[in-house]
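Okay, structure first, notes after.
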Amino acid sequence: ACMHCSGAPCMAVCPVNCFYRTDEGVVLHDKDVCIGCGYCSYACPFGAPQFPAAGTFGVRGKMDKCTFCAGGPEANGSEAEFEKYGRNRLAEGKLPACAEMCSTKALLAGDGDMVADIFRNRVVQRGKGAEVWGWGTAYGSKQAGKAPEGVKS
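In this note's numbering, the protein residues as written are 795 to 947.
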């Protein structure tokens with residue numbers, strides 16, 4: 795799943811700059827600009843950008859990734875955009891569908907700093923987790939790359 799990283803590696807490696815960040819901090823990509831090279835898929839520590847499974851055999855498509863239910867790049871929310879990106883639940887004041895439906899509340903959505911603090915506290919309570927690959931990319935660190943206090947890195 796896409797973590798909508800603050801220093802998103804997918805954005806850094808895209809040769810056509812199809813990735814962009816919304817005012818809410820959501821990392822999205824423009825499917826009309828994407829050339830399907832796959833660099834973003836290799837750069838992402840979470841494997842979020844993927845080639846769609848459906849399609850013609852042998853024909854390389856465009857990348858697809860979680861939109862955080864934020865729709866697409868068009869401000870007017872046209873029918874064509876809905877077909878490509880889905881519903882803009884954030885504009886409706888709702889959570890992304892995955893976070894709303896998660897019965898264990900393992901998936902959270904909201905302000906990035908607030909969500910990062912919740913996950914940091916979970917790591918401290920459990921005494922493990924900061925060593926997970928991609929932690930620093932997704933959540934950063936208030937102590938310049940160090941694990942939260944009380945956690946071995």
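In this text, a Cβ means the ideal position worked out from N, Cα and C, and glycines have one as well.
Keep in mind that this is a model prediction, so the values were computed, not measured.
Open item on the list: My output table needs one value for Val821: the three-state DSSP class, helix, strand or coil.
Closed with: strand
- [ ] Ignore the nearest five residues each way along the sequence and tell me which others in Ala903's own chain have a CB closer than 6 Å to its CB.
- [x] Leu889, Pro890 and Ala893
- [ ] Please name the residue or residues paired with Gln919 in a DSSP beta bridge.
- [x] Looking at the DSSP assignment, Gln919 forms no beta bridge with any residue, so it has no partner.
Task: Limits of the unbroken beta strand (DSSP E) element including Phe813 - done: Phe813 to Arg815
Open item on the list: Measuring only the C-alpha atoms, how far is Ala864 from Asp824?
Closed with: 13 Å
TODO: Starting from Val807, trace the alpha helix (DSSP H) both ways and give me its first and last residue.
DONE: Pro803 to Val807
Open item on the list: Pairs of beta-carbons, one from the segment 827–835 and one from the segment 803–816, closer than 8 Å: are there three or more?
Closed with: yes
Open item on the list: Considering just the uninterrupted stretch of the alpha helix (DSSP H) at Glu877, what are its terminal residues?
Closed with: Glu873 to Tyr879
TODO: Reducing DSSP to helix, strand and coil, say where Ala864 ends up.
DONE: strand
Open item on the list: Going by DSSP, what residue range makes up the alpha helix (DSSP H) through Ala893?
Closed with: Ala891 to Met895
Task: Candidates Ala806, Asn870 and Leu822, of which the one nearest Met797 by Cα - done: Leu822
Open item on the list: Just verifying my parser: in three-state terms, what is the DSSP assignment at Asp826?
Closed with: coil
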